[in-house]
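Engineer: Numbering (the working numbering), first residue to last: -5 to 225.
(1) I'd like the ranges of any alpha helix (DSSP H) spanning at least 4 consecutive residues and lying wholly in the region 16 to 45.
(2) Please tell me whether residue 58 and residue 125 are closer than 8 Å, where the distance is taken between their beta carbons.
(3) Flag this pair as touching only if the region 162 to 180 and the region 189 to 196 have three or more C-beta atom pairs under 8 Å; answer yes or no.
(4) How many Å lie between residue 150 and residue 1 at the Cα?
(5) Which same chain residues end up closer than 7 Å to residue 71 when comparing Cβ atoms and leaving out the 5 residues on each side of it in sequence?
(6) Could you check which residue in 143, 140, 153 and 222 has the C-alpha nearest to that of residue 61?
(7) Measuring alpha carbon to alpha carbon, tell me which of 93, 92 and 107 ends up nearest residue 99.
(8) What does residue 236 pair with, by DSSP beta-bridge criteria?
(9) Pick out whichever of 13, 87 and 48 has its Cα sitting closest to the Cα of residue 30.
(10) If you compare alpha carbons, which of 13, 96, 141 and 87 is closest to residue 113?
(11) So, are the CB atoms of residue 202 and residue 174 less than 8 Å apart?
(12) Could you compute how far the alpha carbon of residue 24 sits from the alpha carbon of residue 197?
(13) Comparing C-alpha positions only, which one of 143, 158 and 87 sits nearest to residue 169?
(14) Cβ atoms of residue 215 and residue 28: under 8 Å apart, would you say?
(15) May I have the straight-line CA-CA distance separating residue 117 from residue 184, to the nearest angstrom?
(16) Let me know the secondary structure DSSP gives residue 179 once reduced to three states.
(17) Using only CA atoms, which one of 167, 84 and 157 lies nearest to residue 103?
(18) In three-state terms, what does DSSP make of residue 112?
(19) Return the residue from the list 212, 187 and 221 that minimises the CA-CA distance to residue 3.
(20) Between residue 172 and residue 160, what straight-line distance do the alpha-carbon atoms span, to the nearest angstrom?
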């Protein structure tokens, strides 16, 4: 039979969300507006409009997109499907994946490299660097963390996906030992009923001092309930 966890997700995916929208507009329904429902139905992280998003917790995605700069360059170990999200926000994106598959083309500022796990996999961050963001979302987390040092600018970010896993502890400690600050963003993951954590590491303290107050926050997930209602 179907595993209980899978069946639980199927039940929620089959729910008539239109019946909820009759009483609460989709723009005010956070599960719909953030793409959480769409991610569950499609089986891949998407926003409310069905566009690819990172598999970070939603709060981590909002934090990261607030601080991105158009001139930045990003290195990602993980799923290539996230490339369009980055490509629309920064100058260049390099995605390294250990999985085999068809050649993917996402645009002139995106490079997809399929590299088996090993020295060339973790060391790929040394190609075309330095970078402003490194995302540890694939295999060999410890090796990738060590390789990242020296190839991400001190003004940039290092992001660890699913950082609540024991396998991520050493990678995070590598940066902590060198004085990198850390914020753990707990919350729902796109399309999953359970919570998770995405960790963002940085050296520059400006990330702790946003230039705007929350009422002026702009998000690709849309405005909050208070913003929509003018509170």
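For each residue, glycine too, the CB sits at the ideal point set by N, CA and C. Bear in mind the structure is a predicted one, so any value in this text is a computation, not a measurement.
Structural biologist: Working from what's here:
(1) Taking 4 residues as the shortest admissible run, the region 16 to 45 contains the following complete alpha helix (DSSP H) segments, listed from N- to C-terminal end: 24 to 27 and 30 to 36.
(2) It is not a contact, given that the beta carbons lie outside the stated cut-off.
(3) Output reads yes: the region 189 to 196 touches the region 162 to 180.
(4) So the two alpha carbons sit approximately 40 Å from each other.
(5) Excluding residues within five positions, the ones whose Cβ falls inside 7 Å are 90, 129, 130, 131, 132 and 138.
(6) Comparing alpha carbon positions, the residue from 143, 140, 153 and 222 closest to residue 61 is 153.
(7) Relative to the Cα of residue 99, the nearest Cα in the group 93, 92 and 107 belongs to 107.
(8) In the structure displayed, the chain extends from -5 to 225; residue 236 sits before or after that span and is not available.
(9) Taking only the C-alpha atoms, the option nearest residue 30 is 48.
(10) Across the set 13, 96, 141 and 87, the C-alpha of 141 shows the shortest separation from the C-alpha of residue 113.
(11) No, the Cβ-Cβ distance between residue 202 and residue 174 is not below 8 Å.
(12) Answer to the nearest angstrom: the Cα atoms are 32 Å apart.
(13) Nearest C-alpha to residue 169: 143.
(14) For residue 28 and residue 215, yes; Cβs fall inside 8 Å.
(15) Taking the Cα positions, residue 117 is about 29 Å away from residue 184.
(16) Three-state DSSP puts residue 179 in a strand.
(17) When each option's Cα is compared against that of residue 103, the closest is 84.
(18) Residue state, collapsed to three classes: coil.
(19) Ranking 212, 187 and 221 by CA distance to the CA of residue 3 puts 187 first.
(20) Approximately 20 Å, taken between the alpha carbons.
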